[in-house]
Amino acid sequence: MNLFSKLYVAVLQWSRHKYAVYWLALVSFTESSCFLIPPDVMLAPMTLAKPEKAWFYASLTTITSVLGGLLGYVIGMTAIQYVEPWLVSLGYIDAYHLAEQWFAQWGFWAILLAGFTPIPYKIFTIASGAAGMALVPFIIGSVIGRGMRFFLVAGLMQWGGTRLESTLHIWIDRMGWATLILLITGYLIFA
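Using the numbering used here, the first residue of the sequence shown is number 8, and each one after it goes up by one.
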């Protein structure tokens with residue numbers, strides 16, 4: 008089935024839209040506090056479409072993601088009792104409790120790691136506010152972690168260019184189905 012290659016082509020078309028930069032900023036901002044789609048989904052194809060703007064896109068994604076992270080921090084600091092039912096309904100409550108434990112032990116390093124890895128960053132932004140993490144280390148860890156991630160993605164896409172785009176188009180369905188199978192398997196094992 009060519010489900011993922013059709014989605015890939017659609018995302019590439021969206022990434023060339025005249026308002027794509029605004030959508031990238033919006034997705035980056037909201038993903039850090041409440042939205043489910045990571046900004047990499049837009050950053051990568053936008054960089055492939057316009058490799059000369061790779062560093063601009065990475066900077067924009069980093070800045071708006073950290074600003075969205077600050078919103079998550081404020082949510083955690085002021086409204087965690089209202090957010091907890093939402094975390095439960097999305098299946099993130101265990102991750103939230105784990106994030107609380109990490110903040111008690113590692114603070115700055117936990118937010119830096121969450122910013123760089125595919126771990127849901129929003130969970131850590133909310134947990135850091137709820138745990139009362141100091142704001143300056145939160146911002147520094149977020150800038151470093153998110154910046155490393157988004158500059159790495161943009162750099163790889165710029166380096167790969169059209170060669171990578173055509174290779175991804177060939178392999179995207181296999182990679183998509185493999186990822187889906189891994190996610191389902193992981194869920195069944197650890198749920």
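Every residue gets a Cβ at the ideal spot worked out from N, C-alpha and C, and that includes glycine.
- Item | DSSP-derived helix/strand/coil call for serine 39 | Residue state, collapsed to three classes: coil.
- Query: Taking DSSP as the reference, what is the three-state secondary structure of alanine 61?
  - Reply: Of the three classes helix, strand and coil, the one that applies to alanine 61 here is helix, per DSSP.
- Message: Going by DSSP in three states, tryptophan 109 sits in which element: helix, strand or coil?
- Response: Here tryptophan 109 sits in helix by DSSP.
- Can you list, in chain order, the residues of its chain whose CB lies under 7 Å from that of phenylalanine 158, leaving out five sequence neighbours each side? Closer than 7 Å at the Cβ level, and outside the excluded window around phenylalanine 158, lie Ala65.
- Message: Can you tell me where the alpha helix (DSSP H) holding isoleucine 118 begins and where it ends?
- Response: It spans 115–123 - the alpha helix (DSSP H) in which isoleucine 118 sits, taken as one unbroken run.
- Item | Bounding residues of the alpha helix (DSSP H) (the contiguous stretch that carries proline 127) | Unbroken run through proline 127: none, as it is neither H nor E.
- Message: If you reduce the DSSP assignment to three classes, tell me which class methionine 49 lands in.
- Response: DSSP places methionine 49 in helix when its eight states are reduced to three.
- Under 7 Å Cβ to Cβ from cysteine 7, same chain only, skipping five residues before and after it: list those, please. Residue 7 is absent from the structure shown; the chain starts at 8 and stops at 198.
- Would you decide whether glutamate 38 is buried or exposed? Buried here means 16 or more other CB atoms lie within 10 Å of its CB. Burial state of glutamate 38 is buried, judged by a 10 Å Cβ sphere holding 16 or more other Cβ atoms.
- Item | Reduced DSSP category for histidine 24 - H, G, I as helix; E, B as strand; rest coil | In the structure shown, histidine 24 sits in coil (DSSP, three-state: anything other than H, G, I, E or B).
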